[in-house]
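So the structure is just underneath, and the comments pick up after that.
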Amino acid sequence: MRVAKVPSDIMREGRRYLDSIPEVRILQDFTRFTTEQLWGLCCRVSLPNIATNLIASDTDWWITFDDDFPHSPISVRPAVKNGISLTFPHQRYNGNTYSTLPWRSGHICVHDPTFIFRQNSLDVDPIGQPSRLAWYVQRTIEWLKAASSSSLMRPGDPFEFPDFPGESRNRYTIAHGETEDSLLQWTKIENRVGVAELVAADTKPHLEYVIRKFVTLRSETVLSYAWGSKISKETRAIRPAIWLRCEDMPITLPYQAIDTWGELIAFLETQGRLSDFRNALESIRDGGSHFLLLGFPIPSRVDGMSCQMHWQPLALPALSFGDKPRRGFRANSTGHWRQDRYENLRDSKRINWQIAEDWSWKSTSARGRLDSSLSKPKALLIGAGAVGSVVAETLVRCGNSKVVVCDKEGLDNGNLCRHTLDITMVGVGKAKALAQKLNRMHSHAEAWEISEAFPPEKRENRTLIADCDLVLDCTGDNLTLQQLARFNWRRVRSFCSISLSYGAKRIYVYTARSNSFPVEDFHYQFKEWAEVDLREFSDEELVLPNVGCWHPAFPARFDNVSMLVMAAIRRLEEAVTNMETSPRLVVFEQQYNGEVFTGIVRK
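Numbering (UniProt numbering), first residue to last: 1 to 603.
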């Protein structure tokens with residue numbers, strides 16, 4: 001995309017809105033930055049009453065946007081000349097400058113007034129309006145006022161990490177699984193340094209790693225995370241990293257991540273960890289590339305109590321090693337350290353921070369999880385067809401991480417029109433294929449396969465289902481219901497049978513809590529609906545899957561199956577959460593006004 005040679009009329013209109021802001025003066029009007037494909041305006045913000053030792057009363061800022069203004073993103077950054085040079089909360093790392101650009105790297109966060117400035121939630125970014133430019137400038141003024149009074153983050157605000165900068169090319173993501181419980185474990189662990197086992201979480205070039213466990217420098221395990229099957233059993237690209245626990249976050253005031261090795265060495269000295277760091281380096285002097293994981297406790301709220309550990313990774317530069325050091329350095333630990341401090345760990349060398357992510361169950365399910373009464377029980381899913389596959393995937397994505405899949409059938413191509421599996425799994429057993437997919441779906445998923453009909457004959461498969469507290473029948477098969485009733489469950493379980501009507505016009509959700517499946521009650525409650533289905537089925541022409549095949553197919557589109565299954569899961573959650581003891585059949589039915597879909601009703 002080329003930048004236009006002249007600013008658009010709407011840009012000029014937006015520029016005129018700035019004339020009404022008395023604290024602002026335009027220093028440099030519309031400027032084209034062709035290589036960045038941006039337009040820029042340089043403004044001076046004058047706030048005589050805020051001058052501090054950190055922020056001057058007059059500061060210069062560059063506001064940048066592209067030709068699609070006022071619809072595209074807008075950035076506000078300090079000018080290199082007469083702009084702020086420190087990094088504050090709600091700001092990207094501000095330590096970088098660019099040889100061809102007049103602004104610094106520290107883009108400030110002004111687009112969310114309800115989070116930063118606690119203003120009226122209706123006062124949102126006016127995307128598409130020429131006044132948008134003035135809106136950003138007004139927020140910059142508010143940001144400066146808050147920064148000068150150290151109130152960008154107030155006690156009780158959600159905790160926010162500083163921006164940890166690194167080389168943009170091939171940055172690694174390293175995930176941990178820290179929780180409140182593991183923080184309590186760490187408080188009882190004396191070791192402050194050791195080696196962490198990292199395992200690749202992606203395919204090549206392996207830019208995502210997960211911490212699997214922490215060991216001492218003597219290879220004694222001190223803590224390990226409870227990951228799902230995929231991560232726990234992964235054998236690809238395992239690599240060691242140093243871990244080092246500190247008491248504080250590695251920052252300089254006001255809120256900038258430590259930038260150089262000189263600053264980090266000084267920080268480790270104040271934390272009493274420098275000797276630990278030096279000792280740990282001796283375990284990885286092998287000529288390879290490694291990470292350092294700096295651990296420190298963090299709160300969920302500003303000035304609140306610590307709630308978990310955080311592990312911030314950085315890429316270690318190549319270390320000296322071997323028995324042939326450079327001239328002037330001895331071939332021992334002291335000589336290696338001195339050579340490193342003179343070369344790759346010298347004071348002025350920039351730190352290459354990597355990306356940290358929290359993959360704990362609480363974090364990964366924060367966007368939406370089932371009630372704990374449904375997410376905690378180990379589930380037995382009988383029937384891995386269209387309904388069963390949607391049920392299983394929804395349970396796992398919503399937080400139920402332990403599922404046993406039972407089905408003796410294989411996947412064929414005809415199943416794919418409404419199944420969650422794909423063509424690469426055709427010919428594979430449904431139970432095996434679905435369990436494998438579930439294990440790949442979530443970092444905490446543990447899914448097992450039983451490639452037998454229910455009840456299984458193999459002892460190991462019977463052992464698998466012995467501790468399943470939730471039993472889900474998705475076969476739509478009366479024989480399976482009889483087997484559920486005859487099976488010796490030994491104790492009370494939560495049962496749920498989910499089945500579709502012909503053409504997926506409705507879904508039947510039968511729930512019970514008992515030490516056996518009440519099949520007679522199921523048939524009693526289902527009888528009138530079976531008669532309705534029979535009448536509707538008799539009016540339909542049989543759907544044959546192909547020429548030369550008499551065996552009819554069950555017609556149901558994937559969207560209908562998925563939509564009805566979602567309603568069924570809501571009903572299941574309701575029954576389990578309320579600990580309903582009486583067996584109950586609930587029916588959800590699609591509604592139409594002529595040919596227009598109007599929703600689902602609960603019968």
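We put the CB at the ideal spot given by N, CA and C, even for glycine.
When rounded, the separation of the alpha-carbon atoms in V45 and M11 is 20 Å. When DSSP reads this structure, D473 sits in a beta bridge with I382 and S497.
Proximity to L41 across N53, I26, T35 and L47 peaks at I26, based on C-alpha coordinates. Residue burial annotation: E247 is exposed, with fewer than 16 other C-beta atoms found within 10 angstroms of its C-beta.
With a contact defined as Cβ atoms closer than 8 Å, A226 and F291 miss out at about 22 Å.
In chain order, H419, L421, M425, V426, G427, V428, G429, K430 and A433 place their CB closer than 8 Å to the CB of L411, counting only its own chain and leaving out the 5 sequence neighbours on each side. Excluding five sequence positions before and after Y255, the CB atoms of its chain that fall closer than 7 Å to its own CB belong to T87, F88, P89 and P162, given in chain order. Bounds of the beta strand (DSSP E) holding R584 are R584 to N593. Counting the other CB atoms within 10 Å of its CB gives V390 a total of 16 or more, which places it among the buried residues. Unbroken alpha helix (DSSP H) stretches of 4 residues or longer found wholly inside the region 389 to 442: 430 to 441, given in chain order.
Counting other Cβ atoms within 10 Å of its Cβ, R440 stays below 16 and is therefore classed as exposed.
Within the model, the alpha-carbon separation for K233 versus R212 is close to 10 Å.
In this structure the region 354 to 368 does not touch the region 472 to 491; the number of beta carbon pairs closer than 8 Å is below three. The shortest C-alpha to C-alpha distance from F487 to any of S514, R32, S148 and W337 is the one to S514.
Take K603, set aside five residues on each side of it, and the residues of its chain with a beta-carbon closer than 8 Å to its own are R506, V586, V587, F588 and E589, in chain order.
Put simply, the backbone Cα of T179 is about 8 Å away from that of K362. Contact fails between the region 154 to 172 and the region 50 to 70, because fewer than three Cβ pairs, one in each stretch, are under 8 Å apart. Ranked by how close their Cα comes to the Cα of F522, the residues R535, Y508, L534 and D533 have Y508 in first place.
By the neighbour-count criterion, in which a residue is buried when 16 or more other Cβ atoms sit within 10 angstroms of its Cβ, H310 is buried. Here DSSP, grouped into helix, strand and coil, assigns D347 to coil.
Remark: C-beta atoms of E528 and Y502 do not approach each other more closely than 8 Å.
Given a length threshold of 4 residues, each whole run of the alpha helix (DSSP H) inside the region 176 to 210 is given here in chain order: 180 to 187. Here E247 carries a coil assignment [DSSP, helix/strand/coil]. Look at the beta carbons and you see the region 333 to 348 not touching the region 390 to 410: under three pairs across the two are nearer than 8 Å.
Among the bridge pairs identified by DSSP, R77 is matched with W62. Under the three-state reduction of DSSP output, M153 falls in the coil class, being neither helix nor strand. Two segments are said to touch when three or more pairs of C-beta atoms, one from each, lie closer than 8 Å; by this definition the region 296 to 304 does not touch the region 345 to 359.
Looking at the backbone, the Cα of L564 and that of T598 are separated by about 14 Å.
For the pair W61 and G95, the CB atoms are not nearer than the 8 Å cut-off. Runs of the alpha helix (DSSP H) spanning 4 or more residues and lying entirely within the region 213 to 285 occur at 229 to 232, 261 to 271 and 274 to 281, in chain order.
In this structure, DSSP gives E357 an extended state, which the three-state scheme calls strand.
Excluding residues up to 5 positions away in sequence, L472, T511 and L572 lie with their Cβ nearer than 6 Å to the Cβ of C496 in the same chain. For V492, the CB contacts under 8 Å within the same chain, skipping 5 residues up- and downstream, are R513, S514 and N515 in chain order.
Secondary structure note for H336: its alpha helix (DSSP H) is the uninterrupted segment S333 to Y342. Looking at S219, P102 and I174, the one whose alpha-carbon comes closest to that of R77 is P102. Secondary structure note for V6: it is in no alpha helix (DSSP H), with a DSSP letter that is neither H nor E.
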